[in-house]
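K.L.:
For the sequence shown, the positions run -16 to -1, 1 to 440 when mature numbering (1 follows the signal peptide of the UniProt record, and there is no 0) is used.
For glycine and all other residues, C-beta sits at the position ideal for the given N, C-alpha and C.
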Amino acid sequence: MPPALWTVWVLGSVISLPKEGASDQASSLSCDPTGVCDGRSRSFNSIPSGLTAAVKSLDLSSNEITYVSNSDLRRCVNLRALRLGANEIHTVEEDSFFSLRSLEYLDLSYNRLSNFSSSWFRSLSALKFLNLLGNLYKTLGERSLFSHLPNLRILKVGNSNSFTEIQEKDFAGLTLLEKLEINAPNLQTYAPKSLKSIQNISHLILHLKQPILLLEIFGQQALAQVLIDWPEDYLCDSPSPVRGQRVQDTWLSPSECHRAAVVSAVCCALFLLLLLVGILCHRFHGLWYMKMMWAWLQAKRKPRKAPRRDICYDAFVSYSERDSYWVENLMVQELEHFNPPFKLCLHKRDFIPGKWIIDNIIDSIEKSHKTIFVLSENFVKSEWCKYELDFSHFRLFDENNDAAILILLEPIEKKAIPQRFCKLRKIMNTKTYLEWPTDEMQQEGFWLNLRAAIKS
């Protein structure tokens, strides 16, 4: 058996309620004989049930309502004004307002709506006032939100934080709109044609940090027609140099008006500049020069010549791995097995495991009386030898040219040596170097000359 219905008269208005809930609803919602119901600040967490066609105006603002369902207002077919502002509404079902064909006033301001649906308004052809201020949305949606509101006269949109974009289609279809309020202090982008589509607007209220941008949309003459008290009451708030000046009297450069575009352009320019510098450094060995400068600065902090007691080797040998047979089986045999023997430093044998390769190279060179470069086509192409030549260059050719002993293991053109080793190329042009002879009769003389060069 269906629950009994009570007819509750609250100041002359009729509300149909289930018997069980009659006392709570009657004490919370006040209605007068004309169907005007006042439920402001009554701690409602939902729209009261049992509302009928007798309700003409419903004010439920300043409550704790979080959800509007399809059934909440289904019977309010004669409702003309609905105020739901200052609640906690985050969800409105698609057909919540479908039966409100007589609705002329709708206030959804200061709730927690992050998205809007055009289907909410598809049957509200009589709507004249719509307030969407103070919600959490960033834009008014992808589709034209107000296309079903041909009679809308007053519209309020925006919020003080997240509303950042005005799109071209946002106000499409509002042919009779007379008053528009936009609250967008953080507006970043707008489509110029979006506001131009509003033909009959007579009042425009703007809450913008950069109202000067609207001059680009309307122009001076049009602004004077639609902005209330233009230009006297429109003063600049930012940037600080023009704060307090009338908008009409203020001129800002394009860079000040379009900071985001300027910052993007500067970032792109810096990126291209860095890319160009990187290409030039690679092409002209800029990294090598920076490394050499760092090594030179480090060397300046050390004594120009290592104390004799710190010398551990007669010579450090720099060679390509592909020439290791000649070094290890001929040079080492001739020098280390000679009487008295020479002590050579070879990277494969004498570098300290786990130590940074650059430190190994520099320490070995500094602890060696001489440095022998076994030059060949393999040496020039070797990345390993490049490092050794890089970090020995400043000491060998800036401090003491006599520290270098050059051995040409095979004929090599001087132009094959990288141009960044300009002093090495110069020394090869001005200083005698040892050339490995292919004739066995001349090889004994080669070893005699090499031993003498190491002892010098």
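Check each candidate in L90, D294, K365 and name the one with the smallest Cα separation from S304.
P.N.:
K365
K.L.:
Does H74 come out as helix, strand or coil in the three-state DSSP assignment?
P.N.:
coil
K.L.:
Locate the beta strand (DSSP E) running through E165, then write down its first and last residues.
P.N.:
Residues 163 to 167.
K.L.:
Could you tell me how far apart the beta carbons of L108 and L129 are, in whole angstroms, since I believe they sit closer than 8 Å?
P.N.:
In this structure L108 does not touch L129 by the C-beta definition: roughly 12 Å separates them, more than the 8 Å allowed.
K.L.:
For P395 and L254, I'd like the C-alpha separation in whole angstroms.
P.N.:
46 Å
K.L.:
Report the three-state DSSP secondary structure of P421 (helix, strand or coil).
P.N.:
coil
K.L.:
Could you say if the region 106 to 125 and the region 146 to 160 meet the contact criterion of at least three C-beta pairs nearer than 8 Å?
P.N.:
Flag = yes, the region 106 to 125 and the region 146 to 160 touch.
K.L.:
Find the nearest neighbour of T50 within the set E397, L160, N119, judged by alpha-carbon distance.
P.N.:
Closest option to T50, Cα to Cα, is N119.
K.L.:
Quick check on A245: buried or exposed, where buried means 16 or more other Cβ atoms within 10 Å of its Cβ?
P.N.:
exposed
K.L.:
Between V316 and the rest of its own chain, which residues show a CB-CB distance below 8 Å, the 5 nearest in sequence each way excluded?
P.N.:
L328, L330
K.L.:
Relative to the C-alpha of E419, which candidate in E397, T159, Q151 has its C-alpha closest?
P.N.:
Nearest C-alpha to E419: E397.
K.L.:
Do you know whose CA, among H242, S103, D43, T36, lies nearest G23's CA?
P.N.:
D43
K.L.:
What residues are listed by DSSP as bridge partners for F113?
P.N.:
Y89, I138
K.L.:
Whole angstroms is fine: what's the gap from D343's alpha carbon to I295's?
P.N.:
16 Å
K.L.:
Please name the residue or residues paired with L158 in a DSSP beta bridge.
P.N.:
Its beta-bridge partners do not exist; DSSP assigns none.
K.L.:
On the CB-based measure, 16 or more other CB atoms within 10 Å of its CB, does R333 come out buried or exposed?
P.N.:
exposed
K.L.:
Assign K365 to one of three DSSP states: helix, strand, or coil.
P.N.:
helix
K.L.:
Relative to the alpha-carbon of S55, which residue among S46, F81, P238 has its alpha-carbon at the smallest distance?
P.N.:
F81
K.L.:
If you reduce the DSSP assignment to three classes, tell me which class A249 lands in.
P.N.:
helix
K.L.:
Who are the Cβ neighbours of T18 in its own chain at under 7 Å, not counting the five residues just before and after it?
P.N.:
K40
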